[in-house]
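Following the numbering used here, the numbering of the sequence shown begins with 1 at its first residue and continues without gaps.
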Amino acid sequence: MARLPQAGARLRKRLGLELRHQLHHIKRQEFAGKQQQVFLWQHHSKRRSNVFLHRSQQVIRTKTHDGSIAHGRILPHPNLDEWNLFPTLSITYLPKAGHIIQFDLDCDRDYPTYWSVKDFTTYNAGGYGKIVGNPTLKPSRDLSLSLTYILHSRYVASLFFNNSKDEFRQLPYQSDEKKEMEYKHVNFDYVNQVGLMLTTPINIGNWWQNRLTFTGVYQNDKNSHFYDLPFDRSKWFCQAQWNGTFLFGKHVLLNLDASVRTDAIQGIIDIPASGYLNAALTWKPLKDDKLQLKAYCNDIFETGDNHLHDTYRGQHVINNMYFGRIFSLSLTYRFGGYKAKQHEEVDTSRFGK
1 MARLPQAGAR LRKRLGLELR HQLHHIKRQE FAGKQQQVFL WQHHSKRRSN VFLHRSQQVI
61 RTKTHDGSIA HGRILPHPNL DEWNLFPTLS ITYLPKAGHI IQFDLDCDRD YPTYWSVKDF
121 TTYNAGGYGK IVGNPTLKPS RDLSLSLTYI LHSRYVASLF FNNSKDEFRQ LPYQSDEKKE
181 MEYKHVNFDY VNQVGLMLTT PINIGNWWQN RLTFTGVYQN DKNSHFYDLP FDRSKWFCQA
241 QWNGTFLFGK HVLLNLDASV RTDAIQGIID IPASGYLNAA LTWKPLKDDK LQLKAYCNDI
301 FETGDNHLHD TYRGQHVINN MYFGRIFSLS LTYRFGGYKA KQHEEVDTSR FGK
(Lines of atoms letter the chains of each structure in order from A and count residues from 1; the text may use other names and numbers.)
(Lines give C-alpha, C1' and ligand atoms only; values in the text may rest on other atoms or scores of the structure.)
Protein backbone atom coordinates (compact mmCIF):
# COMPACT_ATOMS: atom_id res chain seq x y z
CA MET A 1 0.00 0.00 0.00
CA ALA A 2 1.38 3.39 -0.97
CA ARG A 3 2.40 5.93 1.63
CA LEU A 4 -0.44 8.14 2.85
CA PRO A 5 -0.36 11.68 1.40
CA GLN A 6 0.31 14.68 3.62
CA ALA A 7 -2.49 16.99 4.78
CA GLY A 8 -3.72 19.28 2.03
CA ALA A 9 -2.66 16.95 -0.76
CA ARG A 10 -4.87 16.97 -3.82
CA LEU A 11 -7.20 14.17 -4.72
CA ARG A 12 -5.36 11.67 -6.92
CA LYS A 13 -6.95 9.07 -9.15
CA ARG A 14 -5.48 6.39 -11.35
CA LEU A 15 -7.39 4.31 -13.85
CA GLY A 16 -5.69 1.61 -15.89
CA LEU A 17 -6.83 -1.10 -18.30
CA GLU A 18 -4.66 -4.07 -19.19
CA LEU A 19 -5.46 -6.98 -21.50
CA ARG A 20 -3.44 -10.17 -21.26
CA HIS A 21 -3.78 -13.35 -23.26
CA GLN A 22 -2.17 -16.65 -22.36
CA LEU A 23 -2.63 -20.14 -23.71
CA HIS A 24 -2.66 -23.24 -21.51
CA HIS A 25 -1.40 -26.29 -23.35
CA ILE A 26 -1.68 -30.06 -23.06
CA LYS A 27 1.42 -32.21 -22.87
CA ARG A 28 1.02 -35.60 -24.51
CA GLN A 29 3.10 -38.61 -23.58
CA GLU A 30 3.09 -42.09 -25.08
CA PHE A 31 3.74 -45.22 -23.08
CA ALA A 32 3.68 -48.69 -24.71
CA GLY A 33 1.59 -47.43 -27.61
CA LYS A 34 -1.06 -45.89 -25.33
CA GLN A 35 -1.42 -42.13 -25.41
CA GLN A 36 -2.08 -40.19 -22.22
CA GLN A 37 -3.09 -36.59 -21.71
CA VAL A 38 -1.53 -34.77 -18.78
CA PHE A 39 -2.91 -31.36 -17.96
CA LEU A 40 -0.19 -29.04 -16.72
CA TRP A 41 -1.04 -25.83 -14.94
CA GLN A 42 1.97 -23.69 -15.80
CA HIS A 43 2.28 -19.99 -15.13
CA HIS A 44 3.88 -19.35 -18.51
CA SER A 45 1.56 -21.62 -20.49
CA LYS A 46 -1.06 -20.18 -22.79
CA ARG A 47 -4.73 -20.17 -23.64
CA ARG A 48 -5.83 -18.03 -20.77
CA SER A 49 -7.60 -14.74 -21.48
CA ASN A 50 -7.49 -12.06 -18.81
CA VAL A 51 -8.91 -8.57 -18.59
CA PHE A 52 -7.53 -6.50 -15.70
CA LEU A 53 -9.10 -3.27 -14.44
CA HIS A 54 -7.46 -1.27 -11.66
CA ARG A 55 -8.50 1.87 -9.80
CA SER A 56 -7.08 3.53 -6.71
CA GLN A 57 -7.83 6.75 -4.91
CA GLN A 58 -6.40 8.73 -2.01
CA VAL A 59 -8.22 11.56 -0.26
CA ILE A 60 -6.36 14.01 2.02
CA ARG A 61 -4.88 11.81 4.80
CA THR A 62 -7.85 10.00 6.31
CA LYS A 63 -9.02 7.56 3.66
CA THR A 64 -7.47 5.49 0.88
CA HIS A 65 -8.89 2.79 -1.30
CA ASP A 66 -7.43 0.57 -3.96
CA GLY A 67 -9.22 -1.94 -6.16
CA SER A 68 -8.92 -4.10 -9.26
CA ILE A 69 -10.98 -6.63 -11.21
CA ALA A 70 -9.54 -9.47 -13.28
CA HIS A 71 -11.70 -11.48 -15.69
CA GLY A 72 -10.17 -14.74 -16.86
CA ARG A 73 -10.97 -17.88 -18.85
CA ILE A 74 -8.89 -21.07 -18.67
CA LEU A 75 -8.78 -23.81 -21.29
CA PRO A 76 -8.44 -26.73 -21.77
CA HIS A 77 -9.47 -29.08 -18.96
CA PRO A 78 -11.97 -31.95 -19.15
CA ASN A 79 -14.04 -30.43 -16.33
CA LEU A 80 -13.20 -26.74 -16.62
CA ASP A 81 -14.31 -24.26 -19.27
CA GLU A 82 -15.49 -21.15 -17.50
CA TRP A 83 -15.02 -17.41 -16.97
CA ASN A 84 -14.25 -15.99 -13.55
CA LEU A 85 -13.99 -12.57 -11.90
CA PHE A 86 -11.06 -11.90 -9.54
CA PRO A 87 -11.77 -8.59 -7.76
CA THR A 88 -9.30 -7.05 -5.32
CA LEU A 89 -10.15 -4.17 -3.00
CA SER A 90 -8.33 -2.47 -0.12
CA ILE A 91 -9.74 0.43 1.91
CA THR A 92 -7.89 2.15 4.76
CA TYR A 93 -9.56 4.72 7.01
CA LEU A 94 -7.90 6.86 9.69
CA PRO A 95 -10.65 8.35 11.89
CA LYS A 96 -8.07 10.02 14.15
CA ALA A 97 -4.42 9.79 15.15
CA GLY A 98 -3.45 6.33 16.35
CA HIS A 99 -6.55 4.59 14.98
CA ILE A 100 -6.67 2.67 11.69
CA ILE A 101 -9.52 0.67 10.16
CA GLN A 102 -8.69 -1.44 7.12
CA PHE A 103 -10.89 -3.58 4.85
CA ASP A 104 -9.39 -6.03 2.35
CA LEU A 105 -10.97 -8.22 -0.32
CA ASP A 106 -8.84 -10.54 -2.43
CA CYS A 107 -9.69 -13.21 -5.02
CA ASP A 108 -7.17 -15.56 -6.60
CA ARG A 109 -6.52 -19.06 -7.92
CA ASP A 110 -4.31 -21.75 -6.44
CA TYR A 111 -2.88 -24.36 -8.82
CA PRO A 112 -1.98 -28.00 -8.05
CA THR A 113 1.63 -29.15 -8.17
CA TYR A 114 3.00 -30.99 -11.19
CA TRP A 115 2.99 -34.47 -9.64
CA SER A 116 -0.49 -34.17 -8.14
CA VAL A 117 -2.03 -33.86 -11.65
CA LYS A 118 0.17 -36.47 -13.34
CA ASP A 119 -1.25 -39.93 -14.08
CA PHE A 120 1.00 -42.16 -11.95
CA THR A 121 0.85 -44.81 -9.22
CA THR A 122 3.48 -45.68 -6.61
CA TYR A 123 3.31 -48.17 -3.73
CA ASN A 124 4.63 -48.27 -0.18
CA ALA A 125 4.12 -50.23 3.06
CA GLY A 126 4.66 -53.53 1.23
CA GLY A 127 2.06 -52.71 -1.40
CA TYR A 128 -0.71 -51.80 1.05
CA GLY A 129 -0.25 -48.06 0.59
CA LYS A 130 -0.83 -46.55 -2.84
CA ILE A 131 -0.20 -42.96 -3.97
CA VAL A 132 -1.94 -41.97 -7.20
CA GLY A 133 -2.09 -38.81 -9.28
CA ASN A 134 -5.27 -37.08 -10.39
CA PRO A 135 -5.17 -35.65 -13.95
CA THR A 136 -8.66 -34.14 -13.51
CA LEU A 137 -7.65 -32.08 -10.46
CA LYS A 138 -8.85 -28.49 -10.81
CA PRO A 139 -7.32 -25.27 -9.47
CA SER A 140 -9.10 -23.73 -6.51
CA ARG A 141 -10.81 -20.33 -6.46
CA ASP A 142 -10.00 -18.45 -3.28
CA LEU A 143 -11.85 -15.52 -1.70
CA SER A 144 -10.54 -13.66 1.36
CA LEU A 145 -12.27 -10.91 3.33
CA SER A 146 -10.84 -9.14 6.38
CA LEU A 147 -11.71 -6.16 8.58
CA THR A 148 -8.81 -4.98 10.74
CA TYR A 149 -8.53 -2.41 13.51
CA ILE A 150 -5.08 -1.16 14.59
CA LEU A 151 -4.63 0.90 17.75
CA HIS A 152 -1.47 2.97 18.20
CA SER A 153 0.42 0.72 15.77
CA ARG A 154 0.56 -1.93 18.51
CA TYR A 155 -2.76 -3.63 19.16
CA VAL A 156 -4.48 -5.46 16.29
CA ALA A 157 -7.94 -7.03 16.02
CA SER A 158 -8.97 -8.68 12.75
CA LEU A 159 -12.15 -10.42 11.61
CA PHE A 160 -11.69 -12.62 8.54
CA PHE A 161 -13.54 -14.95 6.18
CA ASN A 162 -11.88 -17.35 3.73
CA ASN A 163 -13.70 -19.36 1.06
CA SER A 164 -11.89 -21.82 -1.19
CA LYS A 165 -14.03 -23.42 -3.89
CA ASP A 166 -12.57 -26.62 -5.37
CA GLU A 167 -9.95 -26.66 -2.61
CA PHE A 168 -7.58 -29.59 -3.23
CA ARG A 169 -6.11 -31.72 -0.44
CA GLN A 170 -4.50 -35.14 -0.26
CA LEU A 171 -6.67 -37.58 1.69
CA PRO A 172 -6.39 -41.32 2.48
CA TYR A 173 -9.11 -43.81 1.52
CA GLN A 174 -9.37 -47.46 2.59
CA SER A 175 -11.16 -49.59 0.02
CA ASP A 176 -13.93 -52.00 1.06
CA GLU A 177 -13.16 -54.27 -1.89
CA LYS A 178 -9.44 -54.93 -1.38
CA LYS A 179 -6.76 -54.48 1.23
CA GLU A 180 -5.17 -51.22 0.21
CA MET A 181 -5.11 -47.59 1.25
CA GLU A 182 -5.07 -44.95 -1.47
CA TYR A 183 -3.68 -41.44 -1.11
CA LYS A 184 -4.84 -38.94 -3.72
CA HIS A 185 -5.32 -35.19 -4.11
CA VAL A 186 -9.04 -34.48 -4.57
CA ASN A 187 -11.15 -31.36 -5.02
CA PHE A 188 -13.48 -30.41 -2.18
CA ASP A 189 -16.75 -28.64 -2.90
CA TYR A 190 -15.43 -25.88 -0.65
CA VAL A 191 -13.55 -25.04 2.53
CA ASN A 192 -14.88 -22.10 4.59
CA GLN A 193 -13.18 -20.40 7.51
CA VAL A 194 -14.51 -17.60 9.73
CA GLY A 195 -12.32 -16.28 12.49
CA LEU A 196 -10.97 -13.60 14.78
CA MET A 197 -7.31 -12.73 15.38
CA LEU A 198 -6.06 -10.59 18.29
CA THR A 199 -2.46 -9.39 18.67
CA THR A 200 -0.99 -7.43 21.56
CA PRO A 201 2.56 -6.57 22.69
CA ILE A 202 3.42 -6.68 26.39
CA ASN A 203 6.70 -5.06 27.44
CA ILE A 204 8.18 -5.00 30.93
CA GLY A 205 10.91 -2.39 31.14
CA ASN A 206 13.70 -2.71 28.60
CA TRP A 207 14.58 -6.30 29.44
CA TRP A 208 11.39 -8.25 28.60
CA GLN A 209 9.45 -7.86 25.36
CA ASN A 210 6.48 -10.06 24.47
CA ARG A 211 3.99 -10.45 21.65
CA LEU A 212 0.83 -12.51 22.10
CA THR A 213 -1.44 -13.62 19.24
CA PHE A 214 -4.74 -15.44 19.64
CA THR A 215 -6.71 -16.85 16.70
CA GLY A 216 -10.14 -18.49 16.85
CA VAL A 217 -11.51 -20.20 13.73
CA TYR A 218 -14.68 -21.98 12.63
CA GLN A 219 -13.94 -24.28 9.67
CA ASN A 220 -16.34 -26.15 7.37
CA ASP A 221 -15.07 -28.76 4.86
CA LYS A 222 -17.45 -30.27 2.30
CA ASN A 223 -16.91 -32.88 -0.41
CA SER A 224 -20.02 -34.51 -1.91
CA HIS A 225 -18.11 -36.85 -4.26
CA PHE A 226 -15.32 -38.38 -2.16
CA TYR A 227 -15.59 -42.04 -3.22
CA ASP A 228 -18.51 -43.55 -1.24
CA LEU A 229 -17.78 -41.31 1.77
CA PRO A 230 -19.18 -37.83 1.06
CA PHE A 231 -18.63 -35.52 4.01
CA ASP A 232 -19.72 -32.16 5.37
CA ARG A 233 -17.72 -31.55 8.55
CA SER A 234 -17.18 -28.47 10.70
CA LYS A 235 -15.00 -27.65 13.68
CA TRP A 236 -14.15 -24.80 16.04
CA PHE A 237 -10.47 -24.54 16.92
CA CYS A 238 -8.13 -21.91 18.30
CA GLN A 239 -4.42 -21.21 18.41
CA ALA A 240 -2.34 -19.10 20.81
CA GLN A 241 1.19 -17.93 20.00
CA TRP A 242 3.76 -16.22 22.20
CA ASN A 243 7.10 -14.69 21.32
CA GLY A 244 9.24 -13.41 24.18
CA THR A 245 12.65 -11.73 24.25
CA PHE A 246 14.65 -11.45 27.48
CA LEU A 247 17.73 -9.22 27.69
CA PHE A 248 20.15 -10.09 30.51
CA GLY A 249 22.59 -7.21 30.69
CA LYS A 250 24.11 -6.03 27.42
CA HIS A 251 25.50 -9.29 26.12
CA VAL A 252 23.02 -12.13 26.75
CA LEU A 253 19.74 -12.48 24.84
CA LEU A 254 17.10 -15.22 25.24
CA ASN A 255 14.33 -15.75 22.66
CA LEU A 256 11.36 -18.02 23.37
CA ASP A 257 8.75 -18.95 20.76
CA ALA A 258 5.71 -21.00 21.80
CA SER A 259 2.42 -22.07 20.24
CA VAL A 260 -0.53 -24.26 21.21
CA ARG A 261 -3.49 -25.37 19.07
CA THR A 262 -6.69 -27.25 19.86
CA ASP A 263 -8.14 -30.13 17.79
CA ALA A 264 -8.66 -29.38 14.09
CA ILE A 265 -9.84 -31.17 10.92
CA GLN A 266 -8.81 -31.65 7.31
CA GLY A 267 -11.59 -33.33 5.37
CA ILE A 268 -12.19 -36.73 6.99
CA ILE A 269 -8.96 -36.47 9.02
CA ASP A 270 -8.92 -35.44 12.68
CA ILE A 271 -5.85 -33.49 13.79
CA PRO A 272 -5.30 -33.72 17.58
CA ALA A 273 -4.15 -30.75 19.65
CA SER A 274 -0.46 -29.90 19.54
CA GLY A 275 2.01 -27.25 20.63
CA TYR A 276 5.70 -26.45 20.76
CA LEU A 277 8.32 -24.38 22.57
CA ASN A 278 11.50 -23.20 20.83
CA ALA A 279 14.38 -21.41 22.55
CA ALA A 280 17.49 -19.56 21.38
CA LEU A 281 20.21 -18.20 23.69
CA THR A 282 22.73 -15.70 22.28
CA TRP A 283 25.89 -14.50 24.04
CA LYS A 284 28.08 -11.65 22.75
CA PRO A 285 30.99 -11.36 25.22
CA LEU A 286 32.99 -8.66 23.38
CA LYS A 287 32.15 -4.97 23.42
CA ASP A 288 32.29 -4.71 19.63
CA ASP A 289 29.96 -7.78 19.27
CA LYS A 290 32.41 -9.46 16.87
CA LEU A 291 32.13 -12.77 18.71
CA GLN A 292 28.75 -14.48 19.01
CA LEU A 293 27.88 -17.83 20.54
CA LYS A 294 24.34 -19.09 19.93
CA ALA A 295 22.54 -22.19 21.21
CA TYR A 296 19.17 -23.23 19.77
CA CYS A 297 16.63 -25.95 20.51
CA ASN A 298 13.32 -26.51 18.73
CA ASP A 299 10.27 -28.32 20.14
CA ILE A 300 11.85 -28.73 23.57
CA PHE A 301 9.08 -30.96 24.95
CA GLU A 302 8.51 -32.86 21.64
CA THR A 303 4.83 -31.94 21.52
CA GLY A 304 4.71 -30.23 18.12
CA ASP A 305 4.22 -33.30 15.92
CA ASN A 306 0.85 -33.88 14.27
CA HIS A 307 -0.67 -37.33 14.85
CA LEU A 308 -3.40 -37.72 12.23
CA HIS A 309 -6.46 -39.89 12.93
CA ASP A 310 -9.13 -41.00 10.45
CA THR A 311 -12.06 -42.98 11.88
CA TYR A 312 -14.75 -41.49 9.66
CA ARG A 313 -17.55 -43.96 8.72
CA GLY A 314 -15.55 -47.16 9.05
CA GLN A 315 -12.14 -45.78 8.05
CA HIS A 316 -9.32 -46.56 10.46
CA VAL A 317 -6.07 -44.70 9.83
CA ILE A 318 -3.62 -43.57 12.51
CA ASN A 319 -0.53 -41.75 11.29
CA ASN A 320 1.89 -40.87 14.10
CA MET A 321 4.74 -38.61 13.02
CA TYR A 322 7.76 -38.18 15.28
CA PHE A 323 10.48 -35.77 14.25
CA GLY A 324 12.09 -35.08 17.63
CA ARG A 325 13.83 -32.06 19.03
CA ILE A 326 16.96 -30.63 17.44
CA PHE A 327 19.84 -28.93 19.25
CA SER A 328 22.25 -26.64 17.45
CA LEU A 329 25.27 -24.62 18.53
CA SER A 330 26.98 -21.95 16.43
CA LEU A 331 30.06 -19.79 16.93
CA THR A 332 30.49 -16.67 14.81
CA TYR A 333 33.41 -14.23 14.67
CA ARG A 334 33.60 -11.22 12.38
CA PHE A 335 37.13 -10.45 11.19
CA GLY A 336 38.60 -7.10 10.22
CA GLY A 337 36.33 -4.13 9.78
CA TYR A 338 33.28 -6.08 8.69
CA LYS A 339 30.03 -4.36 9.58
CA ALA A 340 26.55 -5.77 9.30
CA LYS A 341 24.66 -4.35 6.32
CA GLN A 342 22.40 -1.50 7.27
CA HIS A 343 18.82 -1.64 5.99
CA GLU A 344 16.40 1.22 5.57
CA GLU A 345 13.73 1.46 8.20
CA VAL A 346 10.31 0.16 7.23
CA ASP A 347 7.85 2.91 6.30
CA THR A 348 5.23 2.81 9.07
CA SER A 349 3.43 6.03 8.12
CA ARG A 350 0.36 4.04 7.07
CA PHE A 351 0.03 2.90 10.69
CA GLY A 352 -0.29 6.48 11.89
CA LYS A 353 3.30 6.72 13.07
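The C-beta atom is built at its ideal place from N, Cα and C for all residues, glycine as well.
- If only uninterrupted beta strand (DSSP E) runs of at least 3 residues are considered, those enclosed by the region 282-333 are 291-298, 307-310, 317-320 and 326-333.
- Our two residues, N298 and I326, have alpha carbons roughly 6 angstroms apart in a direct line.
- In this structure, the beta-carbon distance from G304 to S328 does not fall below 8 angstroms.
- Taking the C-beta atoms as reference points, D142 is found nearer than 8 angstroms to R109.
- About 5 angstroms separates the beta carbon of K294 from that of S330, a gap short enough to meet the 8 angstroms contact definition.
- The region 170-181 makes no contact with the region 147-155: fewer than 3 CB pairs, one atom from each, lie closer than 8 angstroms.
- Between N320 and I268, the alpha-carbon positions lie close to 16 angstroms from each other.
- Nearest neighbour of D189 by Cα position, chosen from F231, V217, R211 and Q342, turns out to be F231.
- Along the region 103-141, the alpha helix (DSSP H) does not occur as any fully enclosed run of 4 or more residues.
- In the three-state DSSP reduction, D166 falls in the coil class, being neither helix nor strand.
- Put simply, the backbone Cα of D288 is about 11 angstroms away from that of Y333.
- The three-state reading of DSSP puts S153 in coil, since its state is none of H, G, I, E or B.
- Taking 8 angstroms as the cut-off, the beta carbon of V194 is found no closer than this to the beta carbon of F237.
- The beta carbon of N187 sits closer than 6 angstroms to the beta carbons of K138, D166 and F168 from its chain, once the five residues preceding and following it are set aside; these are given in chain order.
- Three or more Cβ pairs closer than 8 angstroms define a contact, and the region 219-226 falls short of that threshold against the region 241-257.
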